[in-house]
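At position 22 of the sequence shown (counting the first as 1) the number is 22 in UniProt numbering, and the numbers step up by one without a gap.
Since the structure comes first, as structure tokens, the remarks are kept for the end.
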Amino acid sequence: MRESDHLIDLLHIPCNGKAADRFYQDGIQVLVNMNGYTKRARNEIFAIRLAPIQVMWLGYPGNSGARFMDYLITDEVTSPIKLARDHRQMFPHLKERLILTDRSNGAGYNLADKVAIINATDLSLLVENTEVTQIKEDVRAAKPVEISFESN
1 MRESDHLIDL LHIPCNGKAA DRFYQDGIQV LVNMNGYTKR ARNEIFAIRL APIQVMWLGY
61 PGNSGARFMD YLITDEVTSP IKLARDHRQM FPHLKERLIL TDRSNGAGYN LADKVAIINA
121 TDLSLLVENT EVTQIKEDVR AAKPVEISFE SN
């Protein structure tokens, strides 16, 4: 954030109309959405189309489907180029991974290398149209849910 030319913290401007006025007055050319569809994301500001270039990054690593977002900053793993035709946003791919994780955070749980920890109640959308053939759910108190995927 320190490297940006201009940063407006919307926590200090709770009204969407006033935030839109501020962006317009400042002549913002590129507006970056770092929240996606998370709590307090304020996507209404993007829907007004205040900047000529509007970008999604970080908060929502998938296609938003929104007509008012031009780009989705992503990587080849998260958004394979062969699927670009299925998305509204264009994909500027990062050279490195979009979301970096730290394996040491899960070290105390003795997880296998091919295990994903997913916080979700409905996995049908996650595995639809994939090669996943088996899902194993292991729910225990004081331990994250472990779900193992197997594919052919």
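Virtual Cβ for every residue (Gly too), placed ideally from N, Cα, C.
- Message: I need the straight-line Cα distance from Asp21 to Asn63, nearest angstrom please.
- Response: What you label residue 21 is simply residue 21 of the sequence shown in a count that begins at 1. What you label residue 63 is simply residue 63 of the sequence shown in a count that begins at 1. When rounded, the distance between both Cα atoms is 27 Å.
- Task: Within its chain, find whatever has a CB closer than 7 Å to the CB of Ile48; leave out the 5 residues flanking it on each side and keep chain order.
- Result: Numbered from its first residue, the sequence shown carries residue 48 at position 48. The answer, listed in chain order, is Ala20.
- Helix or strand or just coil, what does DSSP make of Gln29? Position 29 of the sequence shown holds residue 29. The answer is coil: DSSP assigns Gln29 none of H, G, I, E or B.
- Task: Quick one: using the 10 Å Cβ neighbour count with 16 as the cut-off for buried, is Leu83 buried or exposed?
- Result: On the sequence shown, position 83 is the one that residue 83 refers to. So Leu83 counts as exposed.
- Message: Is it buried or exposed, Leu11, if we count other Cβ atoms within 10 angstroms and call 16 or more buried?
- Response: Within the sequence shown, the letter at position 11 stands for residue 11. Exposed is the call here.
- Message: Suppose you measure from the CA of Asp86 to the CA of Pro80; what does that come to, to the nearest Å?
- Response: Here residue 86 refers to the residue found at position 86 when the sequence shown is read from its first residue. Here residue 80 refers to the residue found at position 80 when the sequence shown is read from its first residue. Their backbone Cα atoms lie some 11 Å apart in a straight line.
- Residue nearest to Asn33 in terms of C-alpha spacing, selected from Ile13, Ala51 and Pro14: Counting from one through the sequence shown, the residue named residue 33 turns up at place 33. Ranking Ile13, Ala51 and Pro14 by Cα distance to Asn33 puts Ala51 first.
- Query: Does the beta-carbon distance from Arg42 to Ala66 come in below 8 Å?
  - Reply: Position 42 of the sequence shown, counted from the start, is the residue given in the question as residue 42. Position 66 of the sequence shown, counted from the start, is the residue given in the question as residue 66. Contact: no.
- Item | Beta-carbon proximity of Ile53 to Val30, cut-off 8 Å | Start at 1 with the first residue of the sequence shown, and residue 53 comes out as number 53. Start at 1 with the first residue of the sequence shown, and residue 30 comes out as number 30. Yes.
- Query: With 16 as the cutoff for other CB atoms within 10 Å, does Leu72 come out buried or exposed?
  - Reply: Taking the sequence shown and counting its residues from 1, the one referred to as residue 72 is at position 72. Leu72 comes out buried.
- Could you check what DSSP says for Leu72 in three-state terms: helix, strand or coil? For the purposes of this step, residue 72 is taken as the residue at position 72 of the sequence shown. Reduced to three states, the DSSP call for Leu72 is strand.
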